[in-house]
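When you line the sequence shown up against this note's numbering, it's residues 535 to 726, in that order. Structure first, then comments.
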Amino acid sequence: MSYTVSEFVSDLQHLHGQALEETAMMEAVKPLALKLAGDGAWFNEKMLTIDDTLGVGITTLHEEDDHSLTVIAVAWSDKDLKVPPHDHGTWAVVAGVRGIERNTLWERQDDGSHEDPDYAEVAPVSELDISLGDVICMGSGAIHTVDNVGEGISLSLHTYGRNPNTTERHQYDTENNCAKAFKVDFDSTGAN
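See the structure below:
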């Protein structure tokens, strides 16, 4: 019997109603995301459509009216995509669906007290490859980059505590040591 996106969302709503602390919420979502990612009945080939400008394709599977509990499928180009370090401004649970996605985790090296409020030094601290059967949980302060290290387009299932475009998320410029607010146009991919 298939585990559907609707069932996944219902389970998320139930967990959200329990007002769990962030780490507990991610741990509770983790097995559910793995279950949905492994089922595959929700997948269609259109989800592999890539926006050539962004190097990704984003399909929104669910978003609450208040922008919480957002679920998207993200297709990553296999054409040497370089995603700058960024955060989401919310917790994230990412499950591999197809291909191999490398997540490089970064940490702030500065203490945030620089006179320039946009100043930020970040450095890579670890890597984790995810594919079908793997999941990564990132708290609201986590910074990462993503690279498709497999052959062909990769696909991952992303569950967020809020739509990242409704948070104060940042993209980090490692050459100029700065952080800037940014948004990703989920509707620009044509895969929605």
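Beta carbons: idealized from backbone N, C-alpha and C, even for Gly.
Could you pull out every residue in the same chain whose Cβ sits closer than 8 Å to the Cβ of residue i, ignoring the five residues on either side in sequence?
{"i": "Glu-597", "result": "Leu-603, Thr-604, Val-605, Asn-697"}
{"i": "His-550", "result": "Met-559, Ser-602, Leu-603"}
{"i": "Cys-712", "result": "Asp-650, Asp-652, Tyr-653, Ala-654, Tyr-706"}
{"i": "Glu-556", "result": "Trp-625, Gly-673, Ser-674, Gly-695"}
Go ahead and label residue i buried or exposed: buried means 16 or more other beta carbons lie within 10 angstroms of its beta carbon, across all protein chains shown.
{"i": "Ser-536", "result": "exposed"}
{"i": "Ser-647", "result": "exposed"}
{"i": "Asn-710", "result": "exposed"}
{"i": "His-548", "result": "exposed"}
{"i": "Thr-587", "result": "exposed"}
{"i": "Gly-667", "result": "exposed"}
Look at the Cβ atom of residue i, then the Cβ atom of residue j, and state whether they are nearer than 8 Å.
{"i": "Arg-642", "j": "Ala-626", "result": "no"}
{"i": "Gly-630", "j": "Ile-664", "result": "yes"}
{"i": "Thr-583", "j": "Ala-609", "result": "yes"}
{"i": "Val-590", "j": "Asn-637", "result": "no"}
Please work out which residues of its chain come closer than 6 Å, Cβ to Cβ, to residue i, disregarding the five sequence neighbours upstream and downstream, and give them in chain order.
{"i": "Arg-703", "result": "Asp-621, His-622, Gly-623"}
{"i": "Trp-640", "result": "Pro-619, Val-656, Pro-658, Ile-677"}
{"i": "Glu-541", "result": "none"}
{"i": "Lys-717", "result": "Asn-699"}
Could you spell out where the beta strand (DSSP E) holding residue i opens and where it closes?
{"i": "Met-672", "result": "669 to 672"}
{"i": "Gly-695", "result": "688 to 696"}
For residue i, which residues of its own chain have a beta-carbon under 7 Å away from its beta-carbon, when the five flanking residues on both sides are left out?
{"i": "Gly-633", "result": "Ser-665, Asn-682, Gly-684, Gly-686, Ile-687, Ser-688, Leu-689"}
Comparing C-alpha positions only, which one of the options sits nearest to residue i?
{"i": "Leu-554", "options": "Val-718, Lys-717, Met-672, Gly-695", "result": "Gly-695"}
{"i": "Val-669", "options": "Leu-568, Thr-557, Thr-538, Glu-541", "result": "Leu-568"}
{"i": "Ser-544", "options": "Asp-585, Asp-645, Leu-595", "result": "Leu-595"}
{"i": "His-692", "options": "Cys-671, Thr-701, Thr-708", "result": "Cys-671"}
{"i": "Asp-585", "options": "Pro-565, Asp-600, Ser-611, Asp-573", "result": "Ser-611"}
Hey, does residue i have any beta-carbon neighbour from chain D nearer than 8 Å?
{"i": "Thr-594", "result": "Reference to chain D is not applicable here, since this structure consists of a single protein chain."}
Hey, could you find the ends of the alpha helix (DSSP H) residue i is sitting in?
{"i": "Lys-564", "result": "556 to 573"}
{"i": "Ser-665", "result": "Ser-665 -> no alpha helix (DSSP H), and no H or E assigned at all."}
{"i": "Asp-545", "result": "539 to 551"}
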